[in-house]
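Worksheet: the structure to be examined is printed underneath.
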Ligand SMILES: *Cc1c(COP(=O)(O)O)cnc(C)c1O
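Numbering (our numbering), first residue to last: 1 to 467.
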């Protein structure tokens with residue numbers, strides 16, 4: 001063994017202890033770490049001939065690289081829809097690295113850790129009030145979950161025409177209907193060879209809504225004259241957290257032949273609260289659902305899962321079967337994750353989620369969801385009361401979409417946001433909604449409090465007064 005590795009092995013406990021302390025220092029200081037910074041490096045470091053050892057690497061990391069990092073797990077990082085990491089999720093995430101398991105199988109094919117994933121999915125189904133007619137698994141993010149679900153939908157579509165697209169490639173135009181798809185679903189269409197432009201946009205409901213207009217959806221279905229199609233629907237659009245009417249879609253499903261996918265990346269967590277679960281009523285009838293865990297579940301990146309109806313398991317295996325690992329017999333008995341999702345090797349991604357769910361229970365997550373939505377309202381009300389801002393859409397859940405008041409100020413929105421973000425106290429993302437430039441603030445982090453909203457409003461007033 002290399003002598004430095006040997007030294008590290010002997011010093012393992014101290015290395016982890018020192019690293020832990022360093023991590024704790026970062027987390028304890030999140031309030032003061034800026035949400036953006038302009039620090040930069042020349043990323044052309046020359047590889048050491050002689051290693052520095054773990055602690056030497058830590059020292060160099062602290063000096064050169066850590067200043068690049070911003071407080072994205074902190075309470076005022078409101079861009080993108082990003083959660084922070086709860087203590088239990090970090091504990092689970094660390095242990096996932098420590099145990100470093102092969103998470104494919106549930107039998108003697110090299111460990112039984114996939115059972116942890118089964119159990120975690122089972123817990124998630126309970127959290128979300130979904131039936132166990134779904135099978136689920138972990139992927140890196142909602143983008144990959146949309147990819148996985150739409151990949152199986154693609155195979156389903158081929159089957160309706162007597163084709164096997166997974167084996168022979170796509171030989172027919174795939175009909176896709178959607179109203180306000182997330183950009184990652186479009187990216188999935190591109191990756192799946194369906195084509196990022198090959199979908200039909202259905203109208204949204206009139207009156208500042210992003211939800212699908214059911215009458216127009218049915219019009220578009222009729223135009224297909226009985227041909228199968230894939231519907232990509234939304235449980236929580238990023239700009240205004242709008243939800244499609246799942247009960248109405250369920251009724252359509254009784255009349256027409258389609259694969260129903262729901263992108264519920266963050267909005268699915270509405271199901272956790274009695275106040276908001278009406279938003280997802282009827283979603284259990286979907287064929288597939290995408291949900292992110294590194295958003296409202298507040299576990300570290302990279303964590304999301306897909307849910308696909310058990311009845312589609314054969315289509316799923318046809319899509320993702322690893323040809324070197326033919327499955328034997330009953331796919332549910334000789335189950336192997338490598339045959340049902342894009343990756344072969346994966347870390348034990350379920351563990352941070354399992355830890356979180358076990359540590360905080362249904363009530364813990366209900367609190368996070370309800371606190372986030374009340375903070376969104378609080379922030380929205382403060383904006384309404386201020387003469388400088390206006391909301392672009394009503395606040396339906398946890399996202400606030402707003403802009404500088406008045407069309408004459410549209411050309412200042414980008415500059416305002418840059419100035420605000422540059423001060424490092426808050427981070428929000430630019431957006432474009434109803435033909436206007438806007439800003440989006442998303443409340444998902446378990447650490448955010450009313451005081452953070454106060455700090456941000458104060459910052460915004462100071463920045464706007466400079467114009
Ligand atoms: C964030 C988000 C995605 C993409 O998720 P990643 O985790 O970034 O891959 C997809 N759909 C919706 C609705 C989202 O909010």
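The beta-carbon is built from N, C-alpha and C at its ideal position, and this holds for glycine as well.
The structure presented is a predicted model; accordingly, all values stated were derived computationally and were not measured.
Buried or exposed by the 16-neighbour rule on C-beta atoms within 10 Å, applied to residue i
i, result
"residue 267", "buried"
"residue 428", "buried"
"residue 49", "exposed"
"residue 372", "buried"
"residue 178", "buried"
"residue 38", "exposed"
"residue 299", "buried"
"residue 352", "buried"
"residue 230", "buried"
"residue 414", "exposed"
"residue 117", "buried"
"residue 470", "An answer regarding residue 470 cannot be provided, because it is not within the stretch 1 to 467 covered by the chain."
Anticipated Cβ contact below 8 Å, residue i with residue j, distance rounded
i, j, result
"residue 153", "residue 304", "Actually they do not touch by this definition, with Cβ atoms about 17 Å apart."
"residue 439", "residue 402", "6 Å"
"residue 76", "residue 425", "6 Å"
"residue 111", "residue 101", "6 Å"
"residue 263", "residue 185", "6 Å"
"residue 369", "residue 419", "With a Cβ gap of about 32 Å, residue 369 and residue 419 do not count as contacting."
Helix, strand or coil at residue i according to DSSP, with G and I counted as helix
i, result
"residue 282", "coil"
"residue 306", "strand"
"residue 136", "strand"
"residue 438", "strand"
"residue 468", "Lying outside 1 to 467, the shown extent of the chain, residue 468 is not represented and no answer is given."
"residue 320", "helix"
"residue 211", "coil"
"residue 293", "coil"
"residue 87", "helix"
"residue 332", "coil"
"residue 399", "strand"
"residue 31", "coil"
"residue 273", "coil"
"residue 196", "coil"
"residue 477", "No statement about residue 477 is possible, as the shown extent of the chain runs from 1 to 467 and does not include it."
"residue 94", "helix"
"residue 390", "strand"
"residue 78", "coil"
"residue 42", "coil"
Cut-off 8 Å between Cβ atoms - residues of its own chain near residue i, not counting five sequence neighbours on either side
i, result
"residue 41", "64, 65, 68"
"residue 202", "177, 178, 179, 212, 213, 216, 217, 220"
"residue 380", "391, 395, 400, 402"
"residue 36", "70, 421, 422, 424, 427"
Closer than 6 Å: residue i CB and nearest ligand 1 heavy atom
i, result
"residue 238", "yes"
"residue 244", "no"
"residue 138", "no"
"residue 266", "yes"
"residue 97", "no"
"residue 182", "yes"
"residue 426", "no"
"residue 319", "no"
"residue 120", "no"
"residue 93", "no"
"residue 143", "yes"
Same chain only: Cβ atoms within 6 Å of residue i, ignoring 5 sequence neighbours per side
i, result
"residue 237", "180, 210"
"residue 166", "155, 318, 319"
"residue 486", "This structure gives no information on residue 486, because the portion of the chain shown stretches from 1 to 467."
"residue 51", "4"
"residue 130", "284"
"residue 350", "116, 117, 120, 138"
Cβ-based neighbour list, residue i, same chain, cut-off 7 Å, excluding 5 preceding and 5 following
i, result
"residue 135", "308, 310, 313"
"residue 338", "104, 322, 325, 344"
CB contact below 7 Å: residue i versus chain B
i, result
"residue 1", "Protein chain content of the structure displayed is limited to a single chain, and chain B is not contained in it."
Any non-hydrogen atom of ligand 3 within 6 Å of residue i CB
i, result
"residue 81", "With respect to small molecules bound, the structure shown includes ligand 1 and not ligand 3."
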